[in-house]
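Below: the structure, in structure tokens.
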Amino acid sequence: MPPPHSPSGVPSPSLFLREDALKRGVELILRAQAALGDAANDLLAKHELGKAHHRALIMIARNPGLSLTDLQHLLRVRKQSLAPITDHLVAKGLLDLRPASRDRRMRLATLTEKGRDLEQLVFATIRDRMANAYRHAGPKAVGGFWDVLTALAGEDPIDHEG
Numbered sequence: 060m061p062p063p064h065s066p067s068g069v070p071s072p073s074l075f076l077r078e079d080a081l082k083r084g085v086e087l088i089l090r091a092q093a094a095l096g097d098a099a100n101d102l103l104a105k106h107e108l109g110k111a112h113h114r115a116l117i118m119i120a121r122n123p124g125l126s127l128t129d130l131q132h133l134l135r136v137r138k139q140s141l142a143p144i145t146d147h148l149v150a151k152g153l154l155d156l157r158p159a160s161r162d163r164r165m166r167l168a169t170l171t172e173k174g175r176d177l178e179q180l181v182f183a184t185i186r187d188r189m190a191n192a193y194r195h196a197g198p199k200a201v202g203g204f205w206d207v208l209t210a211l212a213g214e215d216p217i218d219h220e221g
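Residue numbers for the sequence shown follow the working numbering, so the first one is 60 and each next one is one higher.
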């Protein structure tokens with residue numbers, strides 16, 4: 060017997076642990092990621108940047124002074140893959156790398172003013188899409204969405220009260 064579906068043929072969210080619902084969730088995450096990336100790609104291309112640069116800009120903007128090792132872990136890339144990205148961002152004047160005061164071998168990443176401006180400009184291309192989706196879903200659903208993404212990212216649960 061096939062699993063219950065909504066009238067549109069989409070698996071019922073109330074049966075979220077069934078395989079077709081899990082696959083639907085993965086599909087939606089991938090499609091949403093692609094749609095958000097598409098919104099930013101033209102602007103990134105004008106600055107001779109790609110998706111990997113965008114991911115680095117986002118993480119560094121959210122975590123100023125992040126070590127390159129921590130950035131590597133957040134992005135889940137190898138050191139050899141990260142180096143050309145950070146080198147390109149430095150060469151374009153978007154990223155500043157400085158040695159840490161405690162361990163001079165550790166380099167800390169901070170966006171320059173130009174880098175912050177570009178990150179904000181790129182974020183503006185997706186801000187309305189995110190805000191509209193959040194508004195449509197409502198605060199309780201957004202909290203649930205964050206919980207799901209946090210669990211998928213392997214992070215500690217979010218305190219929605221704080």
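Quick reminder that beta carbons are idealized off the backbone N, C-alpha and C, glycines included.
- R161 and R186 have their C-alpha atoms some 37 Å from each other.
- Counting along the chain, A168 sits inside the beta strand (DSSP E) bounded by residues 166-170.
- In the DSSP assignment, L154 falls within the beta strand (DSSP E) that extends over 154-158.
- The three-state reading of DSSP puts L130 in helix, counting H, G and I together.
- Annotated as distal: F204 and I117, with beta-carbon spacing of 9 Å or more.
- Here the alpha carbon of K199 sits roughly 13 Å from the alpha carbon of V207.
- In the three-state DSSP reduction, L125 falls in the strand class (E or B).
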